[in-house]
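Protein chains in written order, with the working numbering: chain A, 543 to 873; chain B, 543 to 873. Glycine included, C-beta positions come from ideal geometry on N, C-alpha and C. From a predicted model like this one, the values you see are computed outputs, not experimental measurements. Here is the structure we will look at.
2 protein chains.
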Amino acid sequence: MTIQYNNVYLKDGYTIAGTYEADGPLREYFDDIYPKDLYFGEKTLEKAEIKMQTDSISKLLNRNKLNDKDINLLISGDLQNQIAASNYTARNFNIPFLGIYNACATLSEGISIASSYLENKNFNNIVISTSSHNMVAEKQFRNPTEYGAYKHKTTTFTATGACSILLTNKKTNIKIESSTIGKIIDKGITDVNHMGAVMAPAAADTIYRHLHNLNRDPNYYDLIVTGDLGVYGKQILIDYMKKVYKLDISKNYNDCGCMLFDIGKQPVYAGASGPVCSALVIFSYIYKEMKKKKLKKVLIVPTGALFSPTLLFQKESIPSISHAIGIEVIK
Amino acid sequence: MTIQYNNVYLKDGYTIAGTYEADGPLREYFDDIYPKDLYFGEKTLEKAEIKMQTDSISKLLNRNKLNDKDINLLISGDLQNQIAASNYTARNFNIPFLGIYNACATLSEGISIASSYLENKNFNNIVISTSSHNMVAEKQFRNPTEYGAYKHKTTTFTATGACSILLTNKKTNIKIESSTIGKIIDKGITDVNHMGAVMAPAAADTIYRHLHNLNRDPNYYDLIVTGDLGVYGKQILIDYMKKVYKLDISKNYNDCGCMLFDIGKQPVYAGASGPVCSALVIFSYIYKEMKKKKLKKVLIVPTGALFSPTLLFQKESIPSISHAIGIEVIK
Chain A
543 MTIQYNNVYL
553 KDGYTIAGTY
563 EADGPLREYF
573 DDIYPKDLYF
583 GEKTLEKAEI
593 KMQTDSISKL
603 LNRNKLNDKD
613 INLLISGDLQ
623 NQIAASNYTA
633 RNFNIPFLGI
643 YNACATLSEG
653 ISIASSYLEN
663 KNFNNIVIST
673 SSHNMVAEKQ
683 FRNPTEYGAY
693 KHKTTTFTAT
703 GACSILLTNK
713 KTNIKIESST
723 IGKIIDKGIT
733 DVNHMGAVMA
743 PAAADTIYRH
753 LHNLNRDPNY
763 YDLIVTGDLG
773 VYGKQILIDY
783 MKKVYKLDIS
793 KNYNDCGCML
803 FDIGKQPVYA
813 GASGPVCSAL
823 VIFSYIYKEM
833 KKKKLKKVLI
843 VPTGALFSPT
853 LLFQKESIPS
863 ISHAIGIEVI
873 K
Chain B
543 MTIQYNNVYL
553 KDGYTIAGTY
563 EADGPLREYF
573 DDIYPKDLYF
583 GEKTLEKAEI
593 KMQTDSISKL
603 LNRNKLNDKD
613 INLLISGDLQ
623 NQIAASNYTA
633 RNFNIPFLGI
643 YNACATLSEG
653 ISIASSYLEN
663 KNFNNIVIST
673 SSHNMVAEKQ
683 FRNPTEYGAY
693 KHKTTTFTAT
703 GACSILLTNK
713 KTNIKIESST
723 IGKIIDKGIT
733 DVNHMGAVMA
743 PAAADTIYRH
753 LHNLNRDPNY
763 YDLIVTGDLG
773 VYGKQILIDY
783 MKKVYKLDIS
793 KNYNDCGCML
803 FDIGKQPVYA
813 GASGPVCSAL
823 VIFSYIYKEM
833 KKKKLKKVLI
843 VPTGALFSPT
853 LLFQKESIPS
863 ISHAIGIEVI
873 K
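Dropping the structure here:
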């Protein structure tokens with residue numbers, strides 16, 4: 543089922559990018575760029591991620607002249623075990639909190655959940671936040687990551703940054719128009735170095751169901767954008783949509799993992815990944831293009847590999863998920 | 543803010559308990575009791591937890607003569623890193639999925655999220671599921687757990703089991719009446735062997751806000767029940783409510799961590815914990831008492847310690863959270 547909303551609006555989004563991310567093509571679109579030293583003045587890398595996420599919320603509230611008490615709900619998630627970055631960030635605010643986990647699809651999961659609280663006017667203002675930190679993710683998921691070790695060309699590079707967005711039921715020029723919640727898709731892939739292949743079928747299933755449920759053609763959207771499939775996953779999705787669903791999305795489709803970095807020039811292999819990858823691209827460049835009305839109808843489709851080192855060691859394949867959110871400029 | 547619902551009903555709940563849990567006072571109330579061998583025919587303990595959670599959903603659907611396609615949404619979470627038990631369980635169903643994490647407050651988090659989707663009639667049937675497995679939790683959070691090692695008397699025992707509930711917007715005799723989403727409370731406690739003390743202030747804050755927002759006296763409820771504070775945390779909460787909020791909850795208050803086991807007789811120290819602790823007590827004994835109308839108004843207040851081994855090693859204290867859900871029998 544696909545939900546359509548009449549009462550959910552995007553008020554603002556605040557993006558903090560790491561240095562490597564700022565060296566990419568979107569530098570001018572980020573609100574903040576944090577220093578190359580990935581500790582940001584904290585004692586540990588995990589706390590550096592907490593600082594980024596905390597700052598992204600504080601700066602979002604400040605820019606909108608809002609205090610904690612004006613925000614009815616904070617929804618956030620990240621890749622740290624027990625979503626620690628989000629829990630320890632939420633500790634810094636006096637705001638009711640819901641922790642969520644859908645890996646790199648966390649942002650769209652949060653938007654869908656927030657939209658239902660806003661749609662029935664239970665709440666007026668909801669902040670959704672996410673973050674990732676390259677070295678925290680490498681430590682946790684790929685440890686030991688040996689210096690000079692060989693990386694596969696299909697590997698993606700976990701983006702460093704944080705993003706917080708403000709949704710409201712007070713009218714703005716950009717509305718959250720619809721959401722389609724994803725199902726778990728698992729094609730039996732166990733290769734952690736090819737997450738694009740793992741996640742493309744989940745994105746395909748969700749995009750198909752979203753378009754089908756709303757009886758829309760891919761060209762209804764000015765842009766359909768997935769989260770972090772990377773260059774190989776992006777091509778797999780285009781081919782898969784054509785072959786399995788007879789849909790050609792090639793004309794108006796892109797992937798945030800291919801947009802965040804200057805692939806080929808920057809040492810990021812197949813592109814960017816991490817929950818903040820799609821958040822940084824959507825709420826910096828795409829959001830600003832929508833404010834300029836250069837893009838009017840966008841379908842964001844963040845993609846998550848629900849990868850658990852423990853289950854992978856137990857020879858299990860990687861489940862993936864993807865949630866689609868339709869965002870539209872109002873004339 | 544506290545949300546009240548007019549359109550959210552409890553249809554059924556299915557509980558699977560481990561042997562130790564079934565040796566407690568609630569044995570007769572569980573739908574299933576799984577064997578003492580905590581592997582349940584699986585190769586690993588993590589997969590044993592996945593089997594329990596999967597079975598609890600399948601058996602819930604079977605008992606209600608429903609198929610995957612009848613369920614609009616599955617919401618679940620657990621204690622495994624990356625909520626792996628829930629992700630791998632959701633892989634077994636063709637149902638849209640949202641993964642959540644609020645540790646042992648996951649059940650009430652799920653009920654609040656599900657209720658807002660149901661309240662505005664986006665969806666008709668939502669399943670919320672959670673589980674925990676004593677040995678999986680010990681391995682992940684307390685490794686190395688040495689044989690014969692000393693345990694503190696304030697330690698709680700992670701319950702083994704799974705619970706899935708079905709919420710609907712079709713009228714039943716029991717409604718989800720209200721929900722109050724918790725804020726993160728952190729009093730600076732770092733003792734992982736005293737989670738009751740960590741979580742009691744979070745429960746107190748949520749119970750106070752719930753009663754205050756709805757202008758209700760504690761005695762409005764036949765029972766106020768927290769999740770897994772244990773015997774010491776339970777007393778701390780009673781004293782804390784009296785001292786800080788001038789509220790006496792002692793007459794109609796209990797804690798699921800004290801109800802699941804026969805404390806003193808069973809080797810569970812201060813009582814039970816884990817996301818399934820409150821789920822097993824609420825959706826076996828309490829639910830059946832409500833169906834008999836022996837309990838008519840119940841406030842469930844599952845409590846979560848958002849404990850991360852990584853951040854604890856970095857000398858951080860433990861944030862906690864608690865969400866309150868009002869459940870009422872309809873005349």
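Three-state secondary structure (DSSP) of residue i
i, result
"I599/B", "helix"
"V810/A", "coil"
"N604/B", "helix"
"D610/B", "helix"
"I824/B", "helix"
"S792/B", "helix"
"A847/A", "strand"
"N667/A", "strand"
"I727/B", "strand"
"V767/A", "strand"
"L580/B", "coil"
"I860/B", "coil"
"K836/A", "coil"
"L552/B", "strand"
Where the alpha helix (DSSP H) through residue i begins and ends
i, result
"V740/A", "M737 to N755"
"K830/A", "Y829 to K833"
"F572/B", "It is not in any alpha helix (DSSP H) - F572/B carries neither H nor E in the DSSP assignment."
"V678/A", "N676 to R684"
"S721/B", "Segment I716 to T722 is the beta strand (DSSP E) holding S721/B; no alpha helix (DSSP H) there."
"F855/A", "P851 to F855"
"I637/B", "That residue, I637/B, is in no alpha helix (DSSP H); it is neither H nor E in DSSP."
"Y762/B", "Counting along the chain, Y762/B falls outside any alpha helix (DSSP H), and DSSP gives it neither H nor E."
"T544/B", "Taken as a continuous stretch (DSSP letters only), T544/B belongs to no alpha helix (DSSP H), being part of the beta strand (DSSP E) at T544 to Q546."
"E563/B", "T561 to A564"
"I780/B", "G772 to Y787"
Whole-number beta carbon distance between residue j and residue i, since they are thought to touch under 8 angstroms
i, j, result
"I726/B", "I863/B", "5 angstroms"
"T710/A", "Y551/A", "5 angstroms"
"Q707/B", "F825/B", "As written in the sequence, residue 707/B is Ile, which differs from the Gln given in the question. Right, their Cβ atoms sit about 6 angstroms apart."
"E680/A", "T700/A", "7 angstroms"
"N634/A", "T586/A", "Not confirmed; about 16 angstroms, so no contact."
"L837/B", "D764/B", "5 angstroms"
"I860/B", "T732/B", "7 angstroms"
"I723/B", "P638/A", "4 angstroms"
"V818/A", "N796/A", "Not quite, the Cβ-Cβ distance comes to about 17 angstroms (not below 8 angstroms), so this is no contact."
"L771/B", "G799/B", "6 angstroms"
"I867/A", "I718/A", "6 angstroms"
"D620/B", "E661/B", "No, D620/B and E661/B are not in contact; Cβ-Cβ is about 26 angstroms, not under 8 angstroms."
"T698/A", "G813/A", "5 angstroms"
"S618/A", "I558/A", "That belief does not hold up - the Cβ atoms of S618/A and I558/A are roughly 14 angstroms apart, past 8 angstroms."
Segment limits, beta strand (DSSP E) that includes residue i
i, result
"E661/A", "Taken as a continuous stretch (DSSP letters only), E661/A belongs to no beta strand (DSSP E), being part of the alpha helix (DSSP H) at T648 to E661."
"T631/B", "First-last for T631/B: A626 to A632, but that is the alpha helix (DSSP H), not the beta strand (DSSP E)."
"A704/A", "G703 to T710"
"Y795/B", "Y795 to D797"
"K839/A", "K839 to V843"
"G619/B", "L615 to D620"
"A866/A", "A866 to V871"
Residue i beta carbon near the ligand GDP (any heavy atom closer than 7 angstroms)
i, result
"L771/B", "The ligand GDP is not among the ligands present in this structure, which contains no ligands whatsoever."
If the cut-off is 8 angstroms on Cβ atoms, which residues from the stretch 604–618 of chain B count as contacting chain A, listed in chain order?
N614 and L615
Chain B contacts from the stretch 724–747 of chain A (Cβ-Cβ distance under 7 angstroms)
G724, K725, I726 and D728
When Cβ atoms are compared, which residues of the stretch 659–687 of chain B fall closer than 7 angstroms to chain A?
Y659, E661, N662, N664 and F665
Give a yes or no on contact between the stretch 774–781 of chain A and the stretch 722–742 of chain A, applying the rule of three or more CB pairs nearer than 8 angstroms.
yes
Stretch pair the stretch 625–643 of chain B + the stretch 841–855 of chain A: three plus CB contacts closer than 8 angstroms
yes
Please identify, using Cβ separations under 8 angstroms, the residues of the stretch 840–859 of chain B that lie next to chain A, in order along the chain.
L848, F849, S850, P851, T852, L853, Q856 and E858
So, do the stretch 832–845 of chain B and the stretch 641–652 of chain B have three or more beta carbon pairs nearer to each other than 8 angstroms?
yes
Which residues, taken in chain order from the stretch 629–642 of chain B, show a beta carbon closer than 7 angstroms to some beta carbon of chain A?
N629, Y630, A632, R633, N636, I637, P638, F639, L640, G641 and I642
Residues of the stretch 575–605 of chain B in Cβ contact with chain A at a cutoff of 8 angstroms, in chain order, please.
K585, T586, E588 and K589
Would you list, in chain order, the members of the stretch 544–575 of chain A that have their beta-carbon closer than 7 angstroms to a beta-carbon of chain B?
I545
Can you find at least 3 beta carbon pairs, one from the stretch 803–810 of chain B and one from the stretch 548–566 of chain B, that sit closer than 8 angstroms?
yes
Tell me which residues of the stretch 807–824 of chain B have at least one Cβ-Cβ distance to chain A shorter than 7 angstroms, keeping chain order.
none
Members of the stretch 744–772 of chain B near chain A, C-beta cut-off 7 angstroms
none
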